[in-house]
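The structure appears right after this line, and notes come after that.
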Amino acid sequence: MTTFLGVPIRRSRDAESPIRGSETFPQAAKRAVDDTRLRRNLGRATATIRGKRQAVVDELPDWEALRDSGSAIKARVMAELPALLEQLEANVTARGGVVHWAADAEEANRIITGIVKSKEVDEVVKVKSMATQEIGLNEYLEEHGIAAVETDLAELIVQLGHDKPSHILVPAIHRGRAEVREIFLNEMTGVAVGLTDDPRELAMAARTHLRRKFLSAKVAISGTNFAIADTGTLSVVESEGNGRMCLTLPETLITVMGIEKILPTFSDLEVFMQLLPRSSTGERMNPYTSLWTGVTPGDGPQEFHLVLLDNGRTNALADEVGRAALHCIRCSACLNVCPVYERAGGHAYGSVYPGPIGAVLTPQLTGIHGHDDVNSTLPYASSLCGACFDACPVKIDIPSLLVELRGRAVDSDRGHGLPTGWDGAMKAAAWVMSDEKRFAAAQKGLAAGRLIARKGQITNLPFPMSAWTGSRNIAAPPRQTSRQWFAETHGDSEGSA
Amino acid sequence: MRIAVVATCLADSLFPDVLKATVGLLERLGHTVVFPRAQVCCGQMHVNTGYLKEALPVVRHHVETFEAAEFDVAVAPSGSCVGSIRHQQAMVARRGGDTALAERATALAGRTYELSELLVDVLGVTDVGAYFPHRVTYHPTCHSLRMLRVGDKPLQLLRAVGGMDLVELPAADQCCGFGGTFSLKNPDVSTAMLADKMGNVLATKAEMCSAGDASCLMHIGGGLSRLKTGVRTVHLAQILASTTEKVYA
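These protein sequences, in sequence, are chains A and B.
Using the numbering used here, the letters of the first sequence map in sequence onto residues 1 to 497.
Using the numbering used here, the letters of the second sequence map in sequence onto residues 1001 to 1249.
As structure tokens, then:
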């Protein structure tokens, strides 16, 4: 176990982890920015969801109070997490469920695969779930001869396209309908050859495909949006009804939940049932809310397993930034309002958790190991415009968390290896900017910029300022600085008469 | 009132017209302006790049400089610098173990305002008697909008400007992509954001794009200049300072 600023990191630096990328953010983002089709798909989709969200948020007079409630409930959850989890375990068990505790992805995958194998099936249906994405469950099951069929339409598109999700809520947001048609034709059995890219036709093809799976599945695997400690109730909130089919038809249901997904009481759900649909899909209420408590003889799955997943969460909980990030309810509102996400797309973040919250969560769950670690570029994947903080239904101050993580990324490098260009530049700038005489001297140096300017504009600078002049001019330095002008016009005294 | 200007390191060095306009405007409104000579920078660049330890002497220098000056309120023609003074300086001091400095920074931040805040909230004016006969659009800058919550104060001031055709900017609240060193660390994404911002500016057919932050204008203006659009940038202070007798832009 290594230690990062007092926070023990249990996970390895496994580049294959679904929550750890293998490329720096700027590298991966460049590819996305150059892909005009991707940019168009993302721009259109995020603008639509943004508009819908704003409209339904604006109609609630108590939206800010709801956000405060959501934030307060989450703070309580974090403070009382161990007790709440034990309460949940007791109530789920009392109602006929079986609770499993998994410290990491490997353990969770092993538990789930064991249950599936004991049912002697080679196919399971799945409800869209970030927790199972996070642990790479589908791939693990596949290695053990079990096919996991995603039933959420967007997740199905991603799965059939041998692709990775690029959004928490809309995993296929980066795909246009022509691409979806192509994927269905190539990967789905029994699709009509005349399939067009009409959304209705595509949906009907998916429905036919999925019906076959629902009706034959013996085991279903889901995540959960909220688990309620005082009743032992689990819930899934969704738009398509496919989740409900999985949750009710098979004989065995396995639910995987990140341990932070818990709510203390049933009445807390009221707050989140208002916050979540509005923030994520821009709906007043989501179309399907499924709630189940243990097992009910003669109705629904007769065997229920709940896997409580840690996977770095207790480590994150011990840390101020991590604890704040664990408030996240995976609504993806921050992704949809983020101008960086809109241009770079989800894959650039290298994790199943993309966007602003992903830039906080990913380094929290998997650590930042020096400036060579791709995770160290994630806290910088933001212009700190603050739109994510405004949109967050539980008021996670993402920009401040990103600044703190930047600080830690820099601090963790201190005294190790050679200083980077940024280290040198920032140290020099701090020296110059903490003394007016040094600053005035540096301002004189700027005057040289006038020599390379054309018509008052500089168009080409050497590295690293070439990053600026690659696409932007910069005005030539003026003949006189502000302070020189003030001294000249207002005399040596500090004030005007 | 005796008003101290926070020149900001960027506008001090590269955009003196912004300071000239800020001083000209405040003096026209009958106030005394002081320029604490030792001032340099608020520390925002270091903080936002993660160099919080390096930001500490910069913050200390800012606090000491302004504590030593005599003034009623301080003003910066920059939403992001005031945001940094209000929301980051005390944090930097606390993180550096200097709680006394954190308290001093908080006290100073309590009497430091962004230009539109000073005019509307402190001085109680929305019509500053300006005259600026141009078609202008306004970009509200992220930190003014979300860190300072200036709301429509800049627009209240702009709407009262004589002779000006103020046109609404589509998707105005979207970031221009500057973000300080973000523009260097993620130049491709930054440029993509800028391209959309410029597209929206051009769609307004405005002669000039204005904002309350020289840094965002440096970014937007740098792009507009590179594309040879002919559209100029102008700081909010330059519009408000301009009259029929004297033009600041």
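For each residue, glycine too, the CB sits at the ideal point set by N, CA and C.
In this text, all values refer to a predicted model and were calculated from it rather than measured experimentally.
Inset, instruction - Consult DSSP for Val1234 (chain B) and reduce its assignment to one of helix, strand or coil. - result: Stepping through the second sequence from its first residue, residue 1234 (chain B) is reached at position 234. In this structure, Val1234 (chain B) counts as strand in the three-state DSSP scheme.
Inset, instruction - State yes or no: is the C-beta of Ala1004 (chain B) within less than 8 Å of the C-beta of Ala1102 (chain B)? - result: The residue given as residue 1004 (chain B) occupies position 4 in the second sequence. The residue given as residue 1102 (chain B) occupies position 102 in the second sequence. It is not a contact, given that the beta carbons lie outside the stated cut-off.
Inset, instruction - Could you tell me whether the Cβ of Gln364 (chain A) comes closer than 8 Å to any Cβ of chain B? - result: Residue mapping note: residue 364 (chain A) aligns to position 364 of the first sequence, counting from 1. Cβ-Cβ to chain B under 8 Å: no for Gln364 (chain A).
Inset, instruction - Measure the alpha-carbon distance for Leu361 (chain A) versus Asn315 (chain A) and round it to whole angstroms. - result: Counting from one through the first sequence, the residue named residue 361 (chain A) turns up at place 361. Counting from one through the first sequence, the residue named residue 315 (chain A) turns up at place 315. The alpha-carbon atoms of Leu361 (chain A) and Asn315 (chain A) are separated by roughly 12 Å.
Legend entry - Within 7 Å of chain B by C-beta, residues of the stretch 47-59 of chain A in sequence order: none
Legend entry - Inter-stretch contact at 8 Å, needing at least 3 Cβ pairs: the stretch 1145-1156 of chain B / the stretch 1176-1191 of chain B: no
Legend entry - Residues, ordered as in the chain, of the stretch 202-229 of chain A that lie near chain B by beta-carbon distance below 9 Å: none
Inset, instruction - Determine, using beta carbons only, whether Val1247 (chain B) and Ala430 (chain A) come nearer to each other than 8 Å. - result: To locate residue 1247 (chain B), count along the second sequence from 1; it is residue 247. To locate residue 430 (chain A), count along the first sequence from 1; it is residue 430. No, these two residues do not count as a Cβ contact at 8 Å.
Legend entry - Boundaries (first-last residue) of the beta strand (DSSP E) holding Ile183 (chain A): One-based indexing of the first sequence puts residue 183 (chain A) at position 183. Ile183 (chain A) -> not in any beta strand (DSSP E); alpha helix (DSSP H) instead, spanning Arg177 to Glu187.
Legend entry - beta strand (DSSP E) segment containing His100 (chain A), residue limits: Locating residue 100 (chain A) in the first sequence gives position 100, where the first residue counts as 1. Its beta strand (DSSP E) spans residues Val98 to Ala102.
Inset, instruction - Find the nearest neighbour of Thr151 (chain A) within the set A:Lys213, A:Asn109 and A:Ala192, judged by alpha-carbon distance. - result: Taking the first residue of the first sequence as 1, we reach residue 151 (chain A) at position 151. Minimum Cα distance to Thr151 (chain A) is reached at A:Lys213.
Inset, instruction - Give the interface partners of Ala409 (chain A) over in chain B, defined as CB-CB distance under 8 Å, in chain order. - result: Position 409 of the first sequence, counting from 1, holds the residue named residue 409 (chain A). Result: Gly1050.
Legend entry - Distance between Thr366 (chain A) and Arg13 (chain A) (C-alpha atoms, nearest Å): Walking along the first sequence from the start, residue 13 (chain A) turns up at place 13. Walking along the first sequence from the start, residue 366 (chain A) turns up at place 366. Here the model assigns Arg13 (chain A) a pLDDT of 44, short of 50, so the residue's position is not dependable, and the following value carries that caveat. Looking at the two C-alpha atoms, the distance is approximately 8 Å.
Inset, instruction - At 8 Å on the CB atoms, spell out the chain A contacts of Cys1142 (chain B), in chain order. - result: Taking the second sequence and counting its residues from 1, one reaches residue 1142 (chain B) at position 142. Result: Ser383, Leu384, Cys385, Gly386 and Ala387.
Inset, instruction - Examine the Cβ distances between the stretch 120-127 of chain A and the stretch 234-248 of chain A and report whether three or more of them are shorter than 8 Å. - result: yes
Inset, instruction - Could you tell me which chain B residues have their CB closer than 7 Å to the CB of Met433 (chain A), listed as they occur along the chain? - result: The count along the first sequence starts at 1 and reaches residue 433 (chain A) at position 433. What Met433 (chain A) touches in chain B: Cys1009, Val1040, Cys1041 and Val1058.
Legend entry - Close-in-space but distant-in-sequence residues of the same chain around Asp230 (chain A) (CB under 8 Å, 5 per side omitted): Here residue 230 (chain A) refers to the residue found at position 230 of the first sequence. Closer than 8 Å at the Cβ level, and outside the excluded window around Asp230 (chain A), lie Gln87, Asn91, Pro264, Thr265 and Phe266.
Legend entry - Amino acids of chain B, ordered along the chain, whose beta-carbon sits closer than 8 Å to that of Met273 (chain A): Position 273 of the first sequence, counted from the first residue, corresponds to residue 273 (chain A). The premise fails here: Met273 (chain A) is roughly 27 Å from chain B at the closest Cβ pair, so nothing lies under 8 Å.
Inset, instruction - Residues of the stretch 1223-1240 of chain B with a CB closer than 8 Å to any CB of chain A: list them in chain order, please. - result: Gly1223, Ser1225 and Arg1226
Legend entry - Buried or exposed (CB count within 10 angstroms, at least 16 for buried), Met285 (chain A): Position 285 of the first sequence, counting from 1, holds the residue named residue 285 (chain A). Its Cβ having fewer than 16 others within 10 Å, Met285 (chain A) is exposed.
Inset, instruction - Kindly confirm or deny that the stretch 1080-1097 of chain B and the stretch 389-396 of chain A touch, where touching means at least three C-beta pairs closer than 8 Å. - result: no
Legend entry - First and last residue of the uninterrupted beta strand (DSSP E) at Val1136 (chain B): Against the second sequence, residue 1136 (chain B) aligns to sequence position 136. First-last of the beta strand (DSSP E) with Val1136 (chain B): Arg1135 to Tyr1138.
Inset, instruction - Give the C-beta separation of Ser482 (chain A) and Asp1012 (chain B) to the nearest angstrom, bearing in mind that I take them to be a contact with Cβ-Cβ under 8 Å. - result: Looking up residue 482 (chain A) in the first sequence gives position 482. Looking up residue 1012 (chain B) in the second sequence gives position 12. Rounded, the Cβ-Cβ distance is 4 Å, consistent with contact.
Inset, instruction - State the Cα-Cα distance for the pair Phe1066 (chain B) and Pro1036 (chain B), rounded to the nearest angstrom. - result: If you number the second sequence from 1, residue 1066 (chain B) lands on position 66. If you number the second sequence from 1, residue 1036 (chain B) lands on position 36. If you take the alpha carbons of Phe1066 (chain B) and Pro1036 (chain B), they lie about 7 Å apart.
Legend entry - Closer than 7 Å: Cys1209 (chain B) CB and nearest the ligand GDP heavy atom: As presented, the structure is devoid of all ligands, the ligand GDP included, so that no description of it is given.
Legend entry - Within chain A, the residues that Arg1201 (chain B) reaches when beta carbons sit closer than 8 Å: Taking the first residue of the second sequence as position 1, residue 1201 (chain B) is located at position 201. Per the sequence shown, the amino acid found at residue 1201 (chain B) is Val instead of Arg. None at all; the shortest Cβ gap to chain A is about 14 Å.
Legend entry - Nearest to Ala217 (chain A) (by Cα), restricted to the options A:Ala45, A:Val121 and A:Pro339: The residue given as residue 217 (chain A) occupies position 217 in the first sequence. Out of A:Ala45, A:Val121 and A:Pro339, A:Val121 has the C-alpha closest to the C-alpha of Ala217 (chain A).
Legend entry - Cβ neighbours of Thr1106 (chain B) in the same chain (closer than 7 Å, five flanking residues each side left out): Taking the second sequence and counting its residues from 1, the one referred to as residue 1106 (chain B) is at position 106. If we look at Thr1106 (chain B) and ignore the five residues flanking it on each side, its Cβ neighbours are Ala1090.
Inset, instruction - Would you mind reading off the limits of the beta strand (DSSP E) that contains Cys1009 (chain B)? - result: Here residue 1009 (chain B) corresponds to residue number 9 of the second sequence, with the count starting at 1. Cys1009 (chain B) -> not in any beta strand (DSSP E); alpha helix (DSSP H) instead, spanning Cys1009 to Leu1014.
Legend entry - For Thr1126 (chain B), the three-state DSSP class (helix, strand or coil): To locate residue 1126 (chain B), count along the second sequence from 1; it is residue 126. Of the three classes helix, strand and coil, the one that applies to Thr1126 (chain B) here is coil, per DSSP.
Legend entry - Minimum Cβ-Cβ distance from Val951 (chain B) to chain A less than 8 Å: For chain B, the structure presents residues 1001 to 1249; residue 951 (chain B) sits outside this window and is missing.
Legend entry - Limits of the alpha helix (DSSP H) - the one that Gly341 (chain A) falls within: Looking up residue 341 (chain A) in the first sequence gives position 341. Here residue 341 (chain A) is Tyr; the residue named in the question, Gly, does not match the sequence. First-last of the alpha helix (DSSP H) with Tyr341 (chain A): Pro339 to Ala344.
Legend entry - Own chain residues within Cβ distance below 6 Å of Ile73 (chain A), not counting five before or after: Numbered from its first residue, the first sequence carries residue 73 (chain A) at position 73. Within the same chain, Ile73 (chain A) has close Cβ partners Asp268.
Legend entry - Beta carbon of Val307 (chain A) nearer than 8 Å to that of Pro277 (chain A): The residue you call residue 307 (chain A) lines up with position 307 of the first sequence. The residue you call residue 277 (chain A) lines up with position 277 of the first sequence. No, the pair does not count as a contact, with Cβ atoms beyond the cut-off.
Legend entry - Those residues which DSSP pairs with Ser222 (chain A) across a bridge: As a working mapping, residue 222 (chain A) is identified with position 222 in the first sequence. According to DSSP, Ser222 (chain A) bridges with A:Thr255.
Inset, instruction - Provide the residue(s) that pair with Tyr288 (chain A) in DSSP beta bridges, ordered along the chain. - result: As a first step, residue 288 (chain A) must be located in the first sequence, where it is residue number 288. Looking at the DSSP assignment, Tyr288 (chain A) forms a beta bridge with A:Glu238.
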